[in-house]
Amino acid sequence: MTMVLPILALLAGFVLLVWSADRFVAGAASIARHLGVTPLVIGLTIVGFGTSAPEIVVSIIASLQDKPGLAIGNAIGSNITNLGLVLGVTALICPLTIRSETIRREYPILLAIMLGTLALLLDGQLGRWDGVILLGTLVLVTTWLILLGKRQPRSEPFGHEVEHEFPTLPFKHAIGWTAVGLILLIASSRILVYGATEIAQWLGISDLVIGLTVVAIGTSLPELAASVISALRNEPDIAIGNVIGSNMFNLLAVLGLPGLISPSAVDPAVLSRDYPYMIGMTLAFFAFTYGFSGTPRLNRPEGGLLLGGFIAYLVILYLTAC
């Protein structure tokens, strides 16, 4: 009975987190439209940040409550979840043909971000200067994507995502939903972190493992929903782009903010187990989708392998945590 409240808090936090993130993005996108911002810029900034808003807010709350393992685990676990669960399930439902050259250019950028972040963490510390470097890189990458999209708007899918998913709201309604969404994002994140940490203590496992699994899966629900819907609507570039963009944000923002707010040591398991697994999943994703011998595609067999890799990771965590 002592775990009833934390479990309810965890479930309620997840549901409220996903709903409030959607309302926040819809309101912010409408405000930007009223101010004359193009759909492309909205897609690459507001929607890009919005799909990672649950991870970002959970990371901030966890850091403020001195739970760095939960924050770090959330960032890396969400990336593994995006590659294995989100793309795996999406490809099983609807195989993805990748048509956008912009997406192909973003592959090496994501890999470079992963390797650069790894270089910062190799000293076993996530410090304030690490946070500054990661967040500064986020600004540079976002600016580059916006400039690239303006030069080649026809190949950029993210502006179309705004038009399809977020119709323009009246200005007063947009302000109201943005405010409500932001307040509920913060509140639901606090509820979720409370539930997750209480369950971790009861089970006798670390905040890191909870962040890598339960919290990472829960905060990746917006990416899963967006990718599946985009694939069913025959917008595979958006489905792939959601994952690539989210993984960039997770490393640069979700991992950078804890460094600024609460510098801490990095659990050795992150460098020996979790980070290498994330890189391995990313390389497998590249190999499956780059299209060395023809049109880039993510078919059902490759989707099954990605999902199998995610399940294998959960088994590894269970075995090493016990």
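In short: position in the sequence shown from 1, add 2, done, that's this note's numbering. Here a beta-carbon is modelled for each residue, glycine too, at the ideal position from N, C-alpha and C. Because the structure is a prediction, the values reported are computed rather than measured.
DSSP state of residue i mapped onto helix, strand, coil
i	result
Thr4	coil
Gly178	helix
Thr99	strand
Leu300	strand
Asp68	coil
Ile148	helix
Pro172	coil
Ile219	helix
Leu257	coil
Gly206	coil
Ser54	coil
Tyr277	helix
Arg156	Note on Arg156: pLDDT 48, under 50, position unreliable in the model; the coordinate value appears next. Correct three-state label for Arg156: helix.
Ile246	helix
C-alpha distance - residue i paired with residue j, whole-angstrom precision
i	j	result
Ile313	Ser191	26 angstroms
Ser157	Ile135	Residue placement at Ser157 is flagged as unreliable, the pLDDT there being 48, under the threshold of 50; a coordinate-derived value is accordingly withheld.
Gly306	Lys174	45 angstroms
Ser248	Val17	19 angstroms
Asp132	Ile263	11 angstroms
Leu117	Asp125	14 angstroms
Pro70	Pro260	7 angstroms
Ile318	Tyr279	10 angstroms
Arg35	Ala267	42 angstroms
Glu304	Pro224	22 angstroms
Gly178	Gly29	7 angstroms
Ala228	Val245	10 angstroms
Of the listed residues the options, nearest to residue i (C-alpha basis)
i	options	result
Arg107	Gly311, Leu10, Phe288	Phe288
Leu321	Val91, Ser65, Ile207, Ala286	Ile207
Met360	Ala181, Asn76, Thr199, Arg35	This structure gives no information on residue 360, because the portion of the chain shown stretches from 3 to 324.
Val182	Ser22, Gln67, Leu13, Leu309	Ser22
Val272	Leu187, Ala286, Leu128, Ile185	Leu128
Leu142	Leu319, Met250, Leu72, Ile246	Met250
Ile1	Leu10, Val256, Ala93	Here the chain covers residues 3 to 324 and nothing more, so residue 1 does not appear.
Pro265	Thr119, Leu66, Leu120, Arg25	Leu66
Pro56	Gly311, Ser80, Leu89, Gly90	Ser80
Leu89	Asn236, Val230, Trp204	Val230
Those residues which DSSP pairs with residue i across a bridge
i	result
Leu128	Ser266
9 angstroms Cβ cutoff met for residue i and residue j
i	j	result
Ile74	Leu210	yes
Ala201	Ile219	For the record, residue 201 in the displayed sequence is Ile; it is not Ala. No; because the gap between Cβ atoms is not below 9 angstroms, this pair is not in contact.
Ile78	Asn252	yes
Ile115	Thr145	no
Leu194	Val60	yes
Tyr109	Tyr277	no
Pro298	Ile100	yes
Ser274	Asn84	no
Leu171	Ser32	yes
Gly258	Leu137	yes
Met283	Ile58	no
Ala93	Leu316	no
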